[in-house]
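Take any residue in the sequence shown, count from 1 to its spot, add 1135: that is its number in our numbering.
From the three backbone atoms N, C-alpha and C, an ideal C-beta is built for every residue, glycine too.
A quick note: this is a predicted structure, and the numbers were derived from the prediction, not measured.
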Amino acid sequence: MKNKVSKTDLEKLGFKTHQAVTIIRQVKLMMVTKGYPYYNNKRVGVVPRNVVEEIIGIPLD
């Protein structure tokens, strides 16, 4: 799988639309608090895979 994850990627893995959007929002918030201001933008819809795995607690394959 890619190093970046989008909402549609999460939906393909079985997450509902709202769940996928919520995960993306949580990851973006984490990235901003870690010091990456790039993710403080509503138009950014792709986030790092490793942070998504950290949020949901399972590896993405």
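Q. Does at least one heavy atom of the ligand SAM sit under 7 Å from the Cβ of Asn1185?
A. Among the components modelled here there is no ligand, and therefore nothing to report on the ligand SAM.
Q. Do Leu1164 and Ala1155 have their C-beta atoms closer together than 8 Å?
A. no
Q) If you draw a straight line from the C-alpha of Lys1139 to the C-alpha of Val1181, how long is it? A) 6 Å
Q.
For a test of the three-state rule: what should DSSP assign to Lys1169, helix, strand or coil?
A. coil
Q: Please classify Tyr1174: is it buried, with 16 or more other beta-carbons within 10 angstroms of its beta-carbon, or exposed?
A: buried
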